[in-house]
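The numbering of the sequence shown is the working numbering, which starts it at 17 and goes up by one.
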Amino acid sequence: MHEVHPVPYSLCERAEDRVKWSTNQLRPLLDKARKRGFALLKIHSHPTGYPRFSGVDDASDAILFPSVHGWVDGEDPHASAVMLPDGRVFGRAHHSDGAIADLTAVTVIGDDLQIWRPDDGRADALPEFALRHIQAFGEGTFRALRGLRVAVVGCSGTGSLVVDMLARLGVGALVLVDPERVEEKNLNRIVNALGRHLGSLKVDVMREFVEGLGFGTRIETFPTDLFDPKVVRAVAGCDVVVGCMDSVDGRHLLNRIAAFYLQPYFDVGVALEADKKGGVEQICGGVHYLQPGRSSLLSRGAFTLERVRAEVLRRTDSELYAALVKEKYIKGIQADRPAVNAVNMVFAGQGVMELLMRLHPCRIDPNGDYARHTTSLTGGFWLNFPEGPVDEALARYAGRGDMTPLLDMPMLDLKDRAA
């Protein structure tokens, strides 16, 4: 939602079963919708809790939306919605050809995650594997997971564990992104990878596991990096994004996608620093939960724009990058840190638990206190932090969705044309 325009109470005529108001006040809004490519959402309440559109709603929508389409003059749908006293929202799309369809979902991304779907009241039989999950987090949380489409970007040490846990929780669909293959050096940390998988794409190994589990999770794989317009669009179509990448430029891009397409973003990071004497100096990691339109990894100080530019250069022009490092114009970025699967398990588990805690708030303290939490296994502490400063530059793109160039990044537009 970009703008909210309440209908003034004084302009409403109220009866027990309806509210009447003049549509004259829609004119400036429709002019703006036409100029900026916006859709109009008409939303009202049912104070009695009536969980469907009423006959009065049907009649008024049938009159209003053909006029809206005529004024805005576009093919994109507009929508009508109802809020119930418990906060639940349901709605329907009105297309230019007169067709009407239920909204797939209504999502509120705040400190807690609220997701409503048209089939929330269904009484489908619950699968056997879900019964123990329900004991801990409730049937509503399981059904919410069952309806989710989750993108996991990075399927190695941390990402493979996240995929494993989400699949075993029964998440509805997974979109997996990773360009790399299983090698002897990483076989010890990719969960569900076996010796016979050496040389296989990591995403293919994950697909084999998820499909073999037989829990009904749909899966889509992309054996490429995130800097591919097809991948950006696939990730943009997800309900939740989880980043399990070391690369700063990849994390920065995923944060941008989540802002443009109004997605909650869980960033899972691990740092294991060797002391070059056969031991370790630091074992730490943590989880960022990022809401569109608020703080970003950049504004929280997780990295700097200089590091983003350096990693882009390393990926696109390795010779120039090496030369600048040698001349000390760029501080070298450590590419291969030690990796231990037991460490990855700790922080991958924290990332998945953070998703569960947002869907099923059960902390003693409010979720708003846990926008970021950091754990040091060597230091023996766990710190949590509230929301950071708003990233004003990124916040202005919140909810922008599709545009040309994609994500307002000419580089992606050039790749799109080349493809």
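Just so you know, even glycine gets a beta-carbon here, dropped at the ideal spot from N, CA and C.
| Asked | Found |
| --- | --- |
| Straight-line Cα distance separating Ala31 from Val362 | 57 angstroms |
| Selection from Ser76, Pro63, Pro245 and Pro143 that minimises the alpha carbon distance to Leu430 | Pro245 |
| Own chain residues within Cβ distance below 6 angstroms of Thr237, not counting five before or after | Leu192, Val219 and Arg223 |
| Continuous beta strand (DSSP E) stretch holding Met99: start and end | His94 to Met99 |
| Beta-carbon proximity of Val257 to Ile273, cut-off 9 angstroms | yes |
| Classification of His18 by the beta-carbon crowding that lies within 10 angstroms, buried from 16 upward | exposed |
| Length-filtered (4 minimum) alpha helix (DSSP H) runs lying within the stretch 139-215 | 147-162 and 173-185 |
| Candidates His94, Val286 and Trp87, of which the one nearest Leu57 by Cα | His94 |
| Tyr386, DSSP secondary structure in three states | helix |
| Extent of the continuous beta strand (DSSP E) run through Leu129 | Leu129 to Trp132 |
| Contact check, Leu214 vs Glu196, beta carbons under 9 angstroms | no |
| For Cys28, three-class secondary structure by DSSP | strand |
| Limits of the unbroken alpha helix (DSSP H) element including Ser83 | Gly71 to Val88 |
| Ranges of the beta strand (DSSP E) found wholly within the stretch 230-262, counting only runs of at least 3 | 234-238 and 256-259 |
| DSSP state of Ile346 mapped onto helix, strand, coil | At Ile346, the pLDDT of 45 sits below 50, so the modelled position is not reliable; the number obtained from the coordinates is stated separately. Coil, per DSSP. |
| Buried or exposed by the 16-neighbour rule on C-beta atoms within 10 Å, applied to Gln279 | buried |
| Cβ shell of Gly90 (< 8 angstroms), same chain only, five flanking positions each side left out | Arg50, Gly53 and Ser112 |
| Proximity of Ala146 and Gly188 at Cβ, strictly below 9 angstroms | no |
| Inter-stretch contact (C-beta, 8 angstroms, three-pair minimum) for the stretch 399-409 and the stretch 380-387 | yes |
| Environment of Glu370 [buried if 16+ CB atoms lie within 10 Å] | buried |
| Range covered by the alpha helix (DSSP H) that runs through Gly367 | Asn357 to Leu375 |
| Beta-carbon contacts of Val207 that lie in its chain and below 7 angstroms, excluding the five residues immediately before and after | Ser176, Leu177 and Asp180 |
| Residues of its chain near Phe319, where Cβ-Cβ distance is below 6 angstroms and the 5 sequence neighbours each way are ignored | Val264 |
| Residue span of the alpha helix (DSSP H) that contains Phe276, given as start and end | Val264 to Phe276 |
| Buried versus exposed call for Cys378 [16 or more other C-beta atoms within 10 Å across all chains shown] | exposed |
| For Phe282, three-class secondary structure by DSSP | strand |
| Proximal residues to Asn357 (C-beta, below 6 angstroms), its chain only, five neighbours per side dropped | Arg205 |
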